[in-house]
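*Asks:*
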Amino acid sequence: MRDLDDLFAALARAPFRAKFRLGPADAEYLRLKGLPVVVRHAEDFVARRLAPAEPKNDG
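Here the sequence shown is numbered in the numbering used here, starting from 212 and rising by one per residue.
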């Protein structure tokens, strides 16, 4: 498996991804809440809303 630091470095060099920026409202939300809170929100979203990687009764 690829090292995450290498992966994020490669993503940072990708021209397509370099175009993405937080808008003013999102940047302000991040500033007010802080990165740890936003990361927890993302983890919760993934855990609750996205299908499990290995469903228990998948065929």
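We put the beta carbon where it would ideally sit given N, CA and C, even for glycine. Computed from a predicted model, the values in this text were never measured in an experiment.
Assign Phe231 to one of three DSSP states: helix, strand, or coil.
*Replies:* coil
*Asks:* If you follow the alpha helix (DSSP H) that Leu222 is part of, which residue opens it and which one closes it?
*Replies:* Leu215 to Arg224
*Asks:* Between the C-alpha atoms of Tyr240 and Asp217, what's the straight-line distance to the nearest angstrom?
*Replies:* 28 Å
*Asks:* Helix, strand or coil: how does DSSP classify Lys267 here?
*Replies:* If DSSP states are grouped into helix, strand and coil, Lys267 belongs with coil.
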